[in-house]
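Notes to accompany the following structure.
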Amino acid sequence: MSDQKSLDIKVLGDSAIIIKLGEGIHPSIHQQVKNLSYLLDEYPFDGFIESVPAYNSLAVYYSPYLVYQSMNGFQIDGTPIEKVTDYINQLAIQISDLPVTEGRVVEIPVLYGGEFGPDLEIVAETHGMSVEEVITIHTTPEYLVYMIGFAPGFPFLGGLDERIATPRKLTPRTSIPPGSVGIAGKQTGVYPLETPGGWQIIGRTPTDLFVPDMSPPSLLQSGDKIKFCPMTQEEYDEQKKVMTCQ
Amino acid sequence: MSVNVLNAGLLTTVQDIGRTGSQKFGVLVSGAMDSYSMRIANLLVGNDEREGILEITLFGTTLQFEEDTLIAITGGDLQTTVDGIPVANWRPLIVKKGSILKFGFAIEGCRAYLAIAGGIDVSVVMDSKSTYMVAGIGGFNGRALQQNDQLSFGPLTESNAKVFALIEREGTPDWAVPHHPLISLASTQTIRMIEGTEYQHFDEASKQRLVSEPYVVTPQSNRMGLRLEGQALSLTEKLELLSEGVTFGTVQIPPNGKPIILMADRQTAGGYPKIGQVITADLGSLSQVKPNAKLYFQLITHAQAERELIAKEELIKQIKIGIQHKLHY
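First to last, the protein sequences are chains Y and P.
Quick note on my numbering: the first sequence kicks off at 71 and runs consecutively.
Quick note on my numbering: the second sequence kicks off at 52 and runs consecutively.
Shown next as structure tokens:
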């Protein structure tokens, strides 16, 4: 156990740290992020507030004062940050022992094109393909949810096929309706709330991604996978809030 | 029991200690900008220190009370009056039925905090009463107060009732909690920070400028972030960063080189290089700076930052005991 490598821990001020678990965007690194987040939720230390997964790092927020109190003041050697990093390094020893978990696959039905997907044809033209081909390529992969951020419930996804990667619009729209599905460079995602934005909007889902009264409030979580599937206007009208693809 | 909003002012919102635990779902923390003032205001009326309060920004809110109400005002000095007569901050007082409480223009600091005995009766969303304006949830209908809103209070607890009876019997106390050890309301401030996660990637000249040149708070600043004007800061070479966690007080440098300090309504993640991190102990003072205020930064060590934070929490513990002793609750 003594040859266990310490984690790469950066301080984010006096009340938070960022634990880097690798470089770049890879599902295997993200699995480590997810495992550490899980371990901290299961075995929190005194003063732990919350952890927030990102692509290859986990931010851990805590109260140094509660850590200090749990140390019985400074009667135990060390400072709050030392206590926290020691604890997390010990906890992380178990990280590789955790089974590789397959996240949930959440199906998100999308009405592609038309008034709900005003940029679908632009994406097709950009790549010299038909809109049907764009839809097929967009609905084929399972996309990994790396993190939720930017807006409540907004998923940062990996796995967009490069054949339909399309630059952002030169002039962002001032308002994009909730449920809009878009492409921006090599990213794809869904806007949970109305917001301005420069993404190429190719469709819209009736599925709610963020419902404040739900627990948790976000449909998606870091580590989930999502699969888009096409739906018709009739299905869209009927299936508001239904999360399956029949 | 309730209060009527005669004039909303610039920006008045319900805030508490903040909405933690849901950042992983992209939900902002929000909460009072100057949580030290918020906590003391609550303690002065016998509330739990984390209870919801009103945060009044820069000027203008006017409220009329429907019943005799126990309140306390802390934070910046917004020249508060009750029925035209100036009232002092940092002590409990009773506002009589029908009286009008008016916040004027901030002469010191930027934000006042109004605690009401019993707390503000709004629904708790994801464990917090804080207003989350972007998502339109929390606080009073998810938004800032507007004219003609009617805000209700919670029932008085035993400690509220004790303070109420004491103030009713003996009047507004002749003492006040001194704010100087907790926050500074000065218009020019020295703010302490520790090195940010990308500090080493900035060039030497920029590191020097950061701690020697003043930075001015621009009017584009808000609860999300303070945008600063001053000497631009630059990296030794371009960095490609992936989004990762940020926090209250994170000093980011966007491509134009002008610092942005992330505040209570910050997004949960960011991708700009972080040159510094304001220490927690100075966040209350930082939250009280007005547009056009001048900031100087001072770098300290992480260990010092921890000691300052612990010292301030110990001080609040002392103040809390003092208040409870004086107010017999």
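Cβ atoms here follow ideal geometry from the backbone N, Cα and C, with glycine treated the same way.
Computed from a prediction, not measured in an experiment: that's the story for all the values here.
Starting from the beta carbon of residue i, find every residue of chain Y whose beta carbon is closer than 7 Å, and list them in chain order.
{"i": "G77/P", "result": "I218, G219, F220, A221, P222, G223, F224, S288"}
{"i": "G72/P", "result": "E120"}
{"i": "E364/P", "result": "Y135"}
Can you give me the C-alpha to C-alpha distance between residue i and residue j, rounded to a whole angstrom?
{"i": "I88/Y", "j": "V81/Y", "result": "6 Å"}
{"i": "I218/Y", "j": "R101/P", "result": "27 Å"}
{"i": "Y164/P", "j": "P282/Y", "result": "27 Å"}
{"i": "F224/Y", "j": "S294/P", "result": "13 Å"}
{"i": "P287/Y", "j": "M177/P", "result": "8 Å"}
{"i": "R238/Y", "j": "G268/Y", "result": "5 Å"}
{"i": "L109/Y", "j": "D167/Y", "result": "11 Å"}
{"i": "C315/Y", "j": "A235/Y", "result": "Residue placement at C315/Y cannot be trusted, given a pLDDT of 45 that sits under 50; the coordinates are not used to answer."}
{"i": "K75/Y", "j": "S203/P", "result": "55 Å"}
{"i": "H100/Y", "j": "I304/P", "result": "27 Å"}
{"i": "S72/Y", "j": "Y157/Y", "result": "Because the pLDDT of S72/Y is 40, which lies under 50, any placement of that residue in the model is unreliable, and the number read from its coordinates should be weighed accordingly. Their backbone Cα atoms lie some 15 Å apart in a straight line."}
{"i": "N126/Y", "j": "I151/Y", "result": "21 Å"}
{"i": "I242/P", "j": "L366/P", "result": "19 Å"}
{"i": "I120/Y", "j": "T71/P", "result": "In the sequence as presented, Ile is not what sits at residue 120/Y; that position holds Glu. Going from the Cα of E120/Y to the Cα of T71/P covers about 7 Å."}
{"i": "R274/Y", "j": "V175/Y", "result": "19 Å"}
{"i": "Y213/Y", "j": "S174/P", "result": "36 Å"}
{"i": "L37/Y", "j": "A92/P", "result": "In the structure displayed, chain Y extends from 71 to 316; residue 37/Y sits before or after that span and is not available."}
{"i": "I122/P", "j": "V228/P", "result": "14 Å"}
{"i": "A362/P", "j": "A354/P", "result": "12 Å"}
{"i": "A256/P", "j": "G247/P", "result": "16 Å"}
{"i": "I165/Y", "j": "G293/Y", "result": "16 Å"}
{"i": "G319/Y", "j": "S250/Y", "result": "Absent from the model: residue 319/Y. The displayed extent of chain Y is 71 to 316, so no value can be given."}
{"i": "N142/Y", "j": "S179/P", "result": "29 Å"}
{"i": "K289/P", "j": "I374/P", "result": "52 Å"}
{"i": "A396/P", "j": "E118/P", "result": "No answer is possible for residue 396/P: the residues shown for chain P start at 52 and end at 380."}
Figure out for me which residue from the options has the closest Cα to the Cα of residue i.
{"i": "P352/Y", "options": "P287/Y, T196/Y, H208/Y", "result": "With chain Y represented from 71 up to 316, any question about residue 352/Y goes unanswered, as that position is not in the structure."}
{"i": "E249/P", "options": "E291/P, Q282/P, N273/P, G160/P", "result": "E291/P"}
{"i": "L284/P", "options": "L62/P, T241/P, I311/P, L121/P", "result": "I311/P"}
{"i": "A86/Y", "options": "T244/Y, K104/Y, K75/Y, Y135/Y", "result": "Y135/Y"}
{"i": "Q102/Y", "options": "P188/Y, P114/Y, L128/Y", "result": "L128/Y"}
{"i": "T113/P", "options": "I151/P, E288/P, V185/P, V80/P", "result": "I151/P"}
{"i": "A195/P", "options": "V340/P, S235/P, T108/P", "result": "T108/P"}
{"i": "D172/P", "options": "G111/P, W226/P, S53/P", "result": "S53/P"}
{"i": "L334/P", "options": "M244/P, F215/P, T63/P", "result": "M244/P"}
{"i": "N211/P", "options": "P143/P, T352/P, P224/P, I188/P", "result": "P143/P"}
{"i": "E232/Y", "options": "V204/Y, G249/Y, T241/Y, S250/Y", "result": "V204/Y"}
{"i": "D111/Y", "options": "P211/Y, A162/Y, E152/Y", "result": "A162/Y"}
{"i": "K325/P", "options": "Y183/P, F253/P, I372/P, E359/P", "result": "F253/P"}
{"i": "F299/P", "options": "Q66/P, G82/P, F348/P", "result": "G82/P"}
{"i": "L279/P", "options": "V340/P, L236/P, H231/P", "result": "V340/P"}
{"i": "L378/P", "options": "G322/P, M89/P, R162/P, N98/P", "result": "N98/P"}
{"i": "T301/P", "options": "A186/P, E255/P, L277/P, P206/P", "result": "L277/P"}
{"i": "V267/P", "options": "E106/P, G190/P, K147/P, P342/P", "result": "P342/P"}
{"i": "M275/P", "options": "E219/P, M314/P, L57/P", "result": "M314/P"}
{"i": "T331/P", "options": "L106/Y, A194/Y, Y131/Y, Y261/Y", "result": "Y131/Y"}
{"i": "L207/P", "options": "E106/P, T120/P, E246/P", "result": "T120/P"}
{"i": "Q328/P", "options": "S338/P, L350/P, T319/P", "result": "L350/P"}
{"i": "D67/P", "options": "Y183/P, N140/P, F76/P", "result": "Y183/P"}
{"i": "F348/P", "options": "R260/P, T131/P, P306/P", "result": "R260/P"}
{"i": "P114/Y", "options": "D84/Y, Q309/Y, T155/Y", "result": "T155/Y"}
Which chain P residues sit within Cβ distance under 7 Å of residue i?
{"i": "T149/Y", "result": "A354, E357"}
{"i": "Y138/Y", "result": "I361"}
{"i": "V126/Y", "result": "Looking at the sequence shown, residue 126/Y is not Val but Asn. The contacting residues are L293."}
{"i": "P123/Y", "result": "K75"}
Residue i versus chain A: which residues are under 9 Å apart at the beta carbon?
{"i": "V176/P", "result": "The structure shown has no chain A; the protein chains it does contain are Y and P."}
Given that residue i touches chain Y, what residues does it touch there, using C-beta distances under 9 Å?
{"i": "T248/P", "result": "K80, V81, L82, I88"}
{"i": "I245/P", "result": "V81, G83, D84"}
Can you name the residues of chain Y whose CB is closer than 8 Å to the CB of residue i?
{"i": "I30/P", "result": "No answer is possible for residue 30/P: it lies beyond the span of chain P, which begins at 52 and ends at 380."}
Counting only Cβ pairs nearer than 9 Å, list the residues of chain P close to residue i.
{"i": "I95/Y", "result": "L293"}
{"i": "L263/Y", "result": "V185, A186, G187"}
{"i": "A129/Y", "result": "Q74, E295, G296, V297, T298, T319, A320"}
{"i": "S250/Y", "result": "Chain P residues near S250/Y: none, gap ~16 Å exceeds 9 Å."}
Which parts of the stretch 252 to 310 of chain Y are runs of the alpha helix (DSSP H), unbroken and 4 residues or longer, counting only runs that do not cross its ends? The qualifying runs are 303 to 308.
Interface residues of the stretch 315 to 348 of chain P facing chain Y [CB-CB below 7 Å]: Those would be Q318, T319, A320, Q328, I330, T331, in chain order.
Chain Y contacts from the stretch 290 to 303 of chain P (Cβ-Cβ distance under 9 Å): Listed in sequence order: L293, S294, E295, G296, V297, T298, F299, G300, T301.
Residues within the stretch 190 to 201 of chain P neighbouring chain Y, beta-carbon criterion of under 8 Å: If the cut-off is 8 Å between Cβ atoms, the stretch 190 to 201 of chain P has nothing near chain Y.
Can you check the stretch 153 to 198 of chain Y for any beta strand (DSSP E) of at least 3 residues that lies completely inside it and give the ranges in chain order? Segments of the beta strand (DSSP E) lying fully in the stretch 153 to 198 of chain Y: 175 to 182.
Check each residue of the stretch 224 to 244 of chain Y: if its Cβ is closer than 8 Å to any Cβ of chain P, include it; give the result in chain order. Of all residues in the stretch 224 to 244 of chain Y, only F224, F226 place a beta-carbon less than 8 Å from a beta-carbon of chain P.
Every unbroken alpha helix (DSSP H) within the stretch 254 to 332 of chain P, with a cutoff of 4 residues, ordered by chain: Runs of the alpha helix (DSSP H) inside the stretch 254 to 332 of chain P: 255 to 263.
Hey, which unbroken runs of the beta strand (DSSP E) at 3 residues or more fall wholly within the stretch 114 to 167 of chain P? Runs of the beta strand (DSSP E) lying entirely within the stretch 114 to 167 of chain P, each at least 3 residues long, are 120 to 128, 143 to 146, 151 to 153, 159 to 167 in chain order.
In chain order, each beta strand (DSSP E) run of at least 3 residues that lies wholly inside the stretch 162 to 222 of chain P: DSSP runs (the beta strand (DSSP E)) wholly in the stretch 162 to 222 of chain P: 201 to 203.
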